[in-house]
Structures are given as structure tokens and as C-alpha cells.
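Heads up, the thing below is written out as C-alpha cells.
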Amino acid sequence: MELLYAITLGVLTTCGIYLLLRARTFTVILGLTLLSHAVNLYLFASGRLVAGAPAIVGYSERTADPLPQALVLTAIVIGFAMTAFVVVLALKAAVELRNDHVDGENPDEDLA
2 MELLYAITLG VLTTCGIYLL LRARTFTVIL GLTLLSHAVN LYLFASGRLV
52 AGAPAIVGYS ERTADPLPQA LVLTAIVIGF AMTAFVVVLA LKAAVELRND
102 HVDGENPDED LA
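Residues in the sequence shown are numbered from 2 upward in steps of one, following our numbering.
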């Protein structure tokens, strides 16, 4: 289970960094989203992955740590709001500049 979890985190992080290095706005947004998902999974794993363990102390010998779960839920909500905000900003920039290049310049114009 831990190996699958580590591979998933590695793939999400690698894909997120690759997409961040692209020159288009929407791929950068997708890369940031993948990185935020990787960080959320990492935070969730820091709370000791225990199947069937209650989060309330005293009902069982093994308990799950509720703090990483609360942090992940908060991060999901904040990440969704920030992603929506950045998508709206990117759409506005794409409409005004008529391209979605990160720098606002079209690299294809230099070739013509």
C-alpha cells in the first residue's frame, strides 16, 4: 500500500512540475492543481493511514490523527477557490491578449 501511495505521489508531482514548465496558461493551472493534489495526499499520509481506526481517542488502541484530515479538507476548499479564481483570470487575459501564452507574447509571431 505504501509503495503504491509513494508512486502515486511521485507521478502527481512529476506531472505537475512538467506542466508548470509549459508556456501556456491553462497547462500551468493544471500543473498547479496536480501539485496541490500531491501535497494534499502527502498531508493525508502524514496522519498514519489506518483502515477502520476511529479518530476519537479512548475507543480503540489505534486511533487516526484527525489533524491532517482537517488540514486536507481545508486545503481542498481553498485550492478549489484559488483554481476557480486563476481560471477566470486566465480566461480574461486570453480574451484581451488573444492568446494564452504565459508571458502574453505569441512565440509564433516571431517566426513570421
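All C-beta atoms, glycine included, are put in the ideal place defined by N, C-alpha and C.
Practice task
With a 10 Å radius around its C-beta and 16 neighbouring C-beta atoms as the bar for buried, classify V78 as buried or exposed.
Solution key: By one-based count along the sequence shown, residue 78 stands at place 77. It counts as exposed.
Problem - Sequence-distant residues of the same chain with beta carbon closer than 7 Å to A80, five excluded per side - result: Taking the sequence shown and counting its residues from 1, the one referred to as residue 80 is at position 79. Here residue 80 is Gly; the residue named in the question, Ala, does not match the sequence. Hits under 7 Å: S37.
Exercise for the section: Report back the beta-carbon spacing between F27 and D101 to the nearest angstrom; my notes put them in contact at under 8 Å. Expected result: Counted from its first residue, the sequence shown places residue 27 at position 26. Counted from its first residue, the sequence shown places residue 101 at position 100. At roughly 6 Å, the Cβ-Cβ gap stays under 8 Å, so F27 and D101 are in contact.
Problem - alpha helix (DSSP H) runs contained entirely in the region 26–102, provided each spans 4 or more residues - result: 26–46, 67–98
Exercise for the section: Classify A113 as helix, strand or coil using the three-state DSSP reduction. Expected result: In the sequence shown, the residue the question calls residue 113 occupies position 112. Here A113 scores only 49 on pLDDT, less than 50, and its place in the model is too uncertain to base an answer on.
Exercise for the section: Would you tell me roughly how many angstroms separate the C-alpha atoms of P69 and R99, rounded to the nearest one? Expected result: Looking up residue 69 in the sequence shown gives position 68. Looking up residue 99 in the sequence shown gives position 98. C-alpha separation (whole angstroms): 42 Å.
Problem - Euclidean distance between Cα positions of A113 and L20 - result: Residue mapping note: residue 113 aligns to position 112 of the sequence shown, counting from 1. Residue mapping note: residue 20 aligns to position 19 of the sequence shown, counting from 1. In this prediction, A113 has a pLDDT of 49, which is less than 50 and means its spatial position is unreliable; nothing more can be read from the coordinates.
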